[in-house]
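Below: one structure, written as structure tokens.
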Amino acid sequence: PREVRLAARPVGWPTPDDFELATSDVPALADGQLRVRNAVMSVDPYMRGRMSAAKSYAAPFAVGEAMGGGAVGVVEESRADGFAVGDHVLHALGWREVAVVDATSARVVDVDRAPASAYLGILGMTGLTAYAGLTRIASLKEGDVVFVSGAAGAVGGAVGQLAKALGASRVIGSAGSAEKVRHLVEDLGFDAAFSYKDGPVAKQLREAAPDGIDVYFDNVGGEHLEAAVGSLNLGGRIAVCGMISVYNDTEPTPGPRNLARLIQTRGLIQGFLVGDHYDLAGEYAERAAGWLADGTLTSRETFADGIEHAVDAFLGVLKGENTGKMVVRL
Ligand code: NDP
13 PREVRLAARP VGWPTPDDFE LATSDVPALA DGQLRVRNAV MSVDPYMRGR MSAAKSYAAP
73 FAVGEAMGGG AVGVVEESRA DGFAVGDHVL HALGWREVAV VDATSARVVD VDRAPASAYL
133 GILGMTGLTA YAGLTRIASL KEGDVVFVSG AAGAVGGAVG QLAKALGASR VIGSAGSAEK
193 VRHLVEDLGF DAAFSYKDGP VAKQLREAAP DGIDVYFDNV GGEHLEAAVG SLNLGGRIAV
253 CGMISVYNDT EPTPGPRNLA RLIQTRGLIQ GFLVGDHYDL AGEYAERAAG WLADGTLTSR
313 ETFADGIEHA VDAFLGVLKG ENTGKMVVRL
């Protein structure tokens, strides 16, 4: 089987040369382990951080070794109680066709209820990020006006739809193309959307939210964050989920120049990690299942096929080639 290894630590934008597609040996199983043939794997922006040596919340990938990340696959051999051959399991050893997984870090998922990819996206880490950020960090209230950046991406699309389901009066999204803007309004039910490539974010946000915003869900940082601070209403909340506009920067970028507005607005700004909020997973899974069933929530995915295209898919996410969750089918 094949796996993708980190070949070199990128400086600035990663390139295909920073990765190596290699053939791996599959070791014999020890007690408590599973051999899993991966069916789908996730490529996520946070993996850019793990390619660097800098200390962060997720350990750096080791140069010369396989990368990792969310994946769902089929158990081919099991030496662990509770896992049978043929079960689909969610685990953290993506970027390879076959994984030897400790059963303690695997969970059986029901692919009759939802496709395997949903457990990486809307029913998995992505959906929970949106839900925890809105409910717990942004304290979303009935009637709030919500702005989300990266809105046509995996987390952003979930944020917009969940905000509506949770009672937001108006949801505004920004994304990087006219087609994504159309998708937000026509397919996902956003009240307004704009392309940040069409002009200054602050101006476009003021036009889309003339009465200001109560919640900003930040996936992008930079100019978007400054614009959101500029439009924040009294008692507004900013949940900082990601700042993808700076992940490939080689120098720290200046922050918003208007943070003094947090004083007059009594505004709150808080970063968060989904990993701290798995206590909400059960509650979210139950509500999401209902919303998916009644059409309140839809999930769009962009697929790449074959491990030989995983690197392109990952680089594509950083460049905005995805609408919804980018998933690699193996
Ligand atoms: P997405 O599916 O949203 O893919 C990333 C998107 O970012 C691209 O599609 C692209 O869309 C957009 N983008 C790239 N560069 C820029 C830029 N310079 N300015 C504006 N938009 C840009 O990925 P995810 O949904 O997986 O992640 C979204 C964000 O959430 C990321 O910042 C990620 O790091 C963060 N995250 C944080 C978690 C946490 O626990 N805090 C957990 C999961 C994700 P476009 O065409 O619109 O530019």
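Here the sequence shown stands for residues 13 to 342, where the numbers follow full-length UniProt numbering.
Quick reminder that beta carbons are idealized off the backbone N, C-alpha and C, glycines included.
Asked: Contact test: methionine 79 Cβ vs ligand 1 heavy atom, cutoff 7 angstroms; Found: no
Asked: Nonlocal neighbours in the same chain, by C-beta distance under 7 angstroms from alanine 92, ignoring five residues either side; Found: Gly44, Gln45, Leu46, Ala115
Asked: Run of the beta strand (DSSP E) containing aspartate 317, from where it starts to where it stops; Found: 313–317
Asked: Counterpart residues of alanine 111 in DSSP-defined beta bridges; Found: Val48
Asked: Start and end residues, beta strand (DSSP E) containing methionine 137; Found: Run containing methionine 137: none in the beta strand (DSSP E); it sits in the alpha helix (DSSP H), 137–144.
Asked: Reference glycine 307, options Ala177, Ala118, Val113, closest by Cα; Found: Ala177
Asked: Contact test: proline 212 Cβ vs ligand 1 heavy atom, cutoff 7 angstroms; Found: no
Asked: Own chain, CB closer than 8 angstroms to aspartate 30, minus 5 neighbours either side, in chain order; Found: Leu18, Ala19, Ala20, Arg21, Pro22, Met63
Asked: Residues bridged to aspartate 230 (per DSSP); Found: Val252
Asked: DSSP-derived helix/strand/coil call for valine 16; Found: strand
Asked: Where leucine 105 falls, given that 16 or more other Cβ within 10 Å makes a residue buried; Found: buried
Asked: Rounded distance between the beta-carbons of alanine 164 and alanine 142, thought under 8 angstroms; Found: With a Cβ gap of about 13 angstroms, alanine 142 and alanine 164 do not count as contacting.
Asked: Close-in-space but distant-in-sequence residues of the same chain around valine 158 (CB under 6 angstroms, 5 per side omitted); Found: Ala175, Ala180, Val183, Val227
Asked: Classification of glycine 247 by the beta-carbon crowding that lies within 10 angstroms, buried from 16 upward; Found: exposed
Asked: Any 3 or more C-beta pairs closer than 8 angstroms across the region 109–127 and the region 247–259; Found: no
Asked: Which listed residue (Trp303, Val48, Ala34, Ile149) has its alpha carbon closest to that of leucine 280; Found: Ile149
Asked: Outcome for lysine 192 when other beta-carbon atoms lying within 10 angstroms are tallied against a minimum of 16; Found: buried
Asked: Beta-carbon contacts of arginine 278 that lie in its chain and below 7 angstroms, excluding the five residues immediately before and after; Found: Leu246, Gly247
Asked: Distance CB(valine 110)-CB(valine 48) smaller than 8 angstroms; Found: yes
Asked: Residues that glutamine 282 bridges to, as DSSP identifies them; Found: Ala251
Asked: Reference histidine 103, options Val339, Thr147, Gly82, Phe229, closest by Cα; Found: Gly82
Asked: heavy atom of ligand 1 below 7 angstroms from leucine 285 C-beta; Found: yes
Asked: Sequence-distant residues of the same chain with beta carbon closer than 6 angstroms to glycine 85, five excluded per side; Found: Val48, Arg49, Asn50, Ala51
Asked: Under 8 angstroms between C-beta atoms of asparagine 270 and glutamate 238; Found: yes
Asked: Threonine 138 vs alanine 166 beta-carbon contact at 8 angstroms; Found: yes
Asked: Residue nearest to leucine 330 in terms of C-alpha spacing, selected from Gly302, Asn231, Arg299; Found: Asn231
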